[in-house]
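Everything below concerns the one structure shown next.
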Amino acid sequence: MPIAYREIEGQSRGYYALLGAFGAVTLAGLASAYYMEHHGHIVTGMTNQIVWGLPHVFAVFLIVAASGVLNVASIASVFGEKLYKPLAPLSGLLAIAMLAGGLAVLMLDLGRADRLIVALTYYNFKSIFALNVFLYTGFFAIVAAYLWTMMERRMNGYSGPVGLAAFIWRLVLTTGTGSIFGFLVARQAYDSALLAPMFIVMSFSYGLAVYILVLIAAYRWSGRPLGDVVLARLKRLLIVFVAAALYFVAVHHLTNLYVAKQQDFEKFILLTGGVYPVLFWAGQVTLGSLAPIVILAHPALGKSHAWISAAALLVVLGALAQMYVTIIGGQAYPLQLFPGMQESSSFFDGVVHPYAPSAPEIMLGLGGVAAAAVIVLIAVKLLRFLPESLDEAS
Amino acid sequence: MNEPEHVPDPPEAMSRRQFIGWGAAAVAGLAIAPGVTLFDLAHGRPAAQAASNKVRWGMLIDTNQCSAGCNDCVTACSRENHLSGGLAPTDSQWVRKMELKDLRSGKTHSLPMLCQHCEHPPCVDVCPTGASFKRADGIVLVDRHICIGCRYCMMACPYKARSFVHADVTGQNPDVPRGKGCVESCTLCVHRIDRDQKPACVEACAAAGHNAMIFGDLNDPHSEISKHIAAYAMTQVRADLALNTAVRYQGL
Chain A
7 MPIAYREIEG QSRGYYALLG AFGAVTLAGL ASAYYMEHHG HIVTGMTNQI VWGLPHVFAV
67 FLIVAASGVL NVASIASVFG EKLYKPLAPL SGLLAIAMLA GGLAVLMLDL GRADRLIVAL
127 TYYNFKSIFA LNVFLYTGFF AIVAAYLWTM MERRMNGYSG PVGLAAFIWR LVLTTGTGSI
187 FGFLVARQAY DSALLAPMFI VMSFSYGLAV YILVLIAAYR WSGRPLGDVV LARLKRLLIV
247 FVAAALYFVA VHHLTNLYVA KQQDFEKFIL LTGGVYPVLF WAGQVTLGSL APIVILAHPA
307 LGKSHAWISA AALLVVLGAL AQMYVTIIGG QAYPLQLFPG MQESSSFFDG VVHPYAPSAP
367 EIMLGLGGVA AAAVIVLIAV KLLRFLPESL DEAS
Chain B
5 MNEPEHVPDP PEAMSRRQFI GWGAAAVAGL AIAPGVTLFD LAHGRPAAQA ASNKVRWGML
65 IDTNQCSAGC NDCVTACSRE NHLSGGLAPT DSQWVRKMEL KDLRSGKTHS LPMLCQHCEH
125 PPCVDVCPTG ASFKRADGIV LVDRHICIGC RYCMMACPYK ARSFVHADVT GQNPDVPRGK
185 GCVESCTLCV HRIDRDQKPA CVEACAAAGH NAMIFGDLND PHSEISKHIA AYAMTQVRAD
245 LALNTAVRYQ GL
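Shown next, in the form of structure tokens:
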């Protein structure tokens, strides 16, 4: 039986309230970017020590989640899971929207955001950033084509091969995102080939959590039926992905703990580093990984849509904590120029670098999330992304 | 009766045509002369001649000669490059004095830390637009026109040698353009090198009588720096990264 997709009505007060709220946050993000651009980064919490701040936390989260959210579609067209087929268009839409939001944040945080044309016309192909420009723009194109094959009946036959291309592309893309950090040989927090596969697994978990959240919200708010079987499948998959991401994190830290020169850094990030160990243990590990696994696996709680949403939300918050620990915590620990020596200087050598995000940074980051939400809200009203029913009984 | 003698034009008198011709030449000369003079002043190496890879500029820092209380290289750098000299976490510091203490022996060292002008600079590798580049003579620079301010180079630099311009800059040295939103670092005083002068910090160190910094061509076996490097044990900072730095330290 063909799946009946239909636009949401989008006339309710709730819809416009949601659109207005996300629109307002998007505008606040844009205003923040203008403010930062006008005054320079002096108005942010960023310094010459913490060079990437909160906007990068949001941007990298959005980009990683964007590639992961496409998995739902890949499971349908690459791995042939029929149950996932109705879920696929929303998956593609979320991928495009989140990538757009993430890239907007990344771009608006540049020192010279006005030189976007330079970034698009001058390339150093040894730079993973330059390669990412192609990976990101290519992702937009491939996912757009993929959506076309899914949503245009005449093109349905091509959705398999295009879906496969999109799946491969997204794996390469997340490899590129992980490698932004993996290739930083100078810094103890990064410089690991493990980061690329780790980011891929993280993307599975972040993306699916976002997907579940949006799916439950969309179906609840539009009054469409959402069956338990679909959600049970997604939920079980999320348990596996969260556990797999946690496994990679454990291996990364255990490997570092084994290497003598990394032990001081590990002690900092896991134990003595103030806000970072707290965010790691309480945020990323306990609330962001263990708690959702327990909730989702629980025989009673794991059946409730509200609890499943709560678990998915916890995974997202844990993801943001993980990004904060990885990106900010990795920079907060001082570079070791002279191992075995105590270092000090006017440029803050040898001391932990403090960082406090400013309001414009927070608004810019949230603005990226809101922009993605606005894209989704408008798209589901204009085009047929959502099946009329996801209730397997009907 | 003698006919009135024909009086020829005095030789210095000019025809209108000549006047215009000479006038034009004079105006042109006036217009060009300052440029030519400046050109002579500004370029030890003619502008048309590209920097050569036969030369590799480097610096040797003798930490035994470097005095813990002395900051002359830093102030000279700020003066030369019109840096504010401020020490806030957002201020640019192209060269800084580092104080080191060996955790086992307790021995202390003082040394200037600056861009190490690597042969294989990680900042150049990661720069998406190619704004970070290495000149043929080994000097690592930032092209202010194509730097987009992504700060990836600052993440990549093992020496924390780069600064990001966090706010508007005023009172710039025309030889050393700077700009809000771009990354910058020690240029090895490339504008002075191109006029056959030494970097400002090296000059200041010598003026203070420390002579802890030797500047020269690492490729020339007869240069003072090469002779020193051949004679004494030298350290490259983060030698484990095998970046082959142009700044070497003695006495560590």
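Those protein sequences? They're chains A and B, same order as listed. Each step along the first sequence adds one to the number in my numbering, with nothing skipped, and position 11 is 17. Each step along the second sequence adds one to the number in my numbering, with nothing skipped, and position 128 is 132. All residues carry an ideal CB built from backbone N, CA and C; glycine is no exception.
CB of residue i within 8 Å of CB of residue j, strictly
{"i": "residue 115 of chain A", "j": "residue 293 of chain A", "result": "no"}
{"i": "residue 206 of chain A", "j": "residue 184 of chain A", "result": "yes"}
{"i": "residue 192 of chain A", "j": "residue 318 of chain A", "result": "no"}
{"i": "residue 132 of chain B", "j": "residue 133 of chain A", "result": "yes"}
{"i": "residue 210 of chain B", "j": "residue 81 of chain B", "result": "no"}
{"i": "residue 82 of chain A", "j": "residue 100 of chain A", "result": "no"}
{"i": "residue 223 of chain A", "j": "residue 76 of chain A", "result": "no"}
{"i": "residue 273 of chain A", "j": "residue 14 of chain A", "result": "no"}
{"i": "residue 146 of chain B", "j": "residue 187 of chain B", "result": "yes"}
{"i": "residue 236 of chain A", "j": "residue 169 of chain A", "result": "no"}
Length of the line joining the Cα atoms of residue i and residue j
{"i": "residue 46 of chain B", "j": "residue 118 of chain B", "result": "With a pLDDT of 42 at residue 46 of chain B, under the threshold of 50, the predicted position of this residue should be treated as unreliable, though the coordinate-derived value follows. Cα to Cα, residue 46 of chain B sits roughly 25 Å from residue 118 of chain B."}
{"i": "residue 135 of chain A", "j": "residue 130 of chain B", "result": "7 Å"}
{"i": "residue 105 of chain B", "j": "residue 112 of chain B", "result": "4 Å"}
{"i": "residue 366 of chain A", "j": "residue 373 of chain A", "result": "10 Å"}
{"i": "residue 4 of chain B", "j": "residue 218 of chain B", "result": "No answer is possible for residue 4 of chain B: it lies beyond the span of chain B, which begins at 5 and ends at 256."}
{"i": "residue 394 of chain A", "j": "residue 229 of chain A", "result": "10 Å"}
{"i": "residue 243 of chain A", "j": "residue 299 of chain A", "result": "11 Å"}
{"i": "residue 174 of chain B", "j": "residue 175 of chain A", "result": "46 Å"}
{"i": "residue 57 of chain B", "j": "residue 247 of chain B", "result": "17 Å"}
{"i": "residue 243 of chain B", "j": "residue 164 of chain B", "result": "15 Å"}
{"i": "residue 166 of chain A", "j": "residue 150 of chain B", "result": "41 Å"}
{"i": "residue 120 of chain B", "j": "residue 195 of chain B", "result": "18 Å"}
{"i": "residue 354 of chain A", "j": "residue 240 of chain B", "result": "21 Å"}
{"i": "residue 211 of chain A", "j": "residue 256 of chain A", "result": "16 Å"}
{"i": "residue 154 of chain A", "j": "residue 321 of chain A", "result": "30 Å"}
{"i": "residue 360 of chain A", "j": "residue 195 of chain A", "result": "16 Å"}
{"i": "residue 334 of chain A", "j": "residue 79 of chain B", "result": "31 Å"}
Residues near residue i in its chain [Cβ-Cβ closer than 6 Å; skip 5 each side]
{"i": "residue 66 of chain A", "result": "329"}
{"i": "residue 89 of chain B", "result": "82"}
{"i": "residue 127 of chain B", "result": "136, 157, 160, 161"}
{"i": "residue 308 of chain A", "result": "302"}
{"i": "residue 73 of chain A", "result": "176, 179, 180, 209"}
{"i": "residue 250 of chain B", "result": "62, 121, 142"}
Sequence-distant residues of the same chain with beta carbon closer than 7 Å to residue i, five excluded per side
{"i": "residue 224 of chain B", "result": "230"}
{"i": "residue 71 of chain B", "result": "114, 214"}
{"i": "residue 20 of chain A", "result": "227"}
{"i": "residue 69 of chain B", "result": "214, 215, 216"}
{"i": "residue 31 of chain A", "result": "372, 373, 376"}
{"i": "residue 285 of chain A", "result": "327, 330, 331"}
{"i": "residue 152 of chain B", "result": "133"}
{"i": "residue 122 of chain A", "result": "113"}
Burial state of residue i, where buried means 16 or more other Cβ atoms lie within 10 Å
{"i": "residue 265 of chain A", "result": "exposed"}
{"i": "residue 140 of chain A", "result": "exposed"}
{"i": "residue 231 of chain A", "result": "exposed"}
{"i": "residue 278 of chain A", "result": "exposed"}
{"i": "residue 92 of chain B", "result": "exposed"}
{"i": "residue 62 of chain A", "result": "buried"}
{"i": "residue 8 of chain B", "result": "Low confidence applies to residue 8 of chain B: its pLDDT is 49, below 50, so where it sits in the model is not reliable, and the reading given next is rough at best. Its Cβ having fewer than 16 others within 10 Å, residue 8 of chain B is exposed."}
{"i": "residue 44 of chain B", "result": "In this prediction, residue 44 of chain B scores a pLDDT of 45, lower than 50, which makes its location untrustworthy; no coordinate-derived value is stated."}
{"i": "residue 111 of chain A", "result": "buried"}
{"i": "residue 289 of chain A", "result": "buried"}
{"i": "residue 181 of chain B", "result": "exposed"}
{"i": "residue 95 of chain A", "result": "buried"}
{"i": "residue 435 of chain A", "result": "Missing from the structure shown is residue 435 of chain A; chain A here goes from 7 to 400 and no further."}
{"i": "residue 396 of chain A", "result": "buried"}
{"i": "residue 127 of chain A", "result": "exposed"}
{"i": "residue 47 of chain A", "result": "buried"}
{"i": "residue 107 of chain B", "result": "exposed"}
{"i": "residue 254 of chain B", "result": "buried"}
{"i": "residue 163 of chain A", "result": "exposed"}
{"i": "residue 398 of chain A", "result": "exposed"}
{"i": "residue 260 of chain A", "result": "exposed"}
Residues near residue i in its chain [Cβ-Cβ closer than 8 Å; skip 5 each side]
{"i": "residue 119 of chain A", "result": "39, 43, 113"}
{"i": "residue 142 of chain A", "result": "69, 105, 109, 179"}
{"i": "residue 233 of chain B", "result": "64, 222, 252"}
{"i": "residue 67 of chain B", "result": "113, 114, 115, 216, 253, 254, 255, 256"}
* Give a yes or no on contact between the segment 38–47 of chain A and the segment 336–344 of chain A, applying the rule of three or more CB pairs nearer than 8 Å. => no
* Asked: Does the segment 21–32 of chain A touch the segment 379–395 of chain A, meaning 3 or more C-beta pairs lie closer than 8 Å?
  -> yes
* Counting Cβ pairs closer than 8 Å, one from the segment 92–101 of chain B and one from the segment 165–173 of chain B, do we hit at least three? -> yes
* **Cβ pair count under 8 Å reaching 3, the segment 80–89 of chain A against the segment 48–62 of chain A** => no
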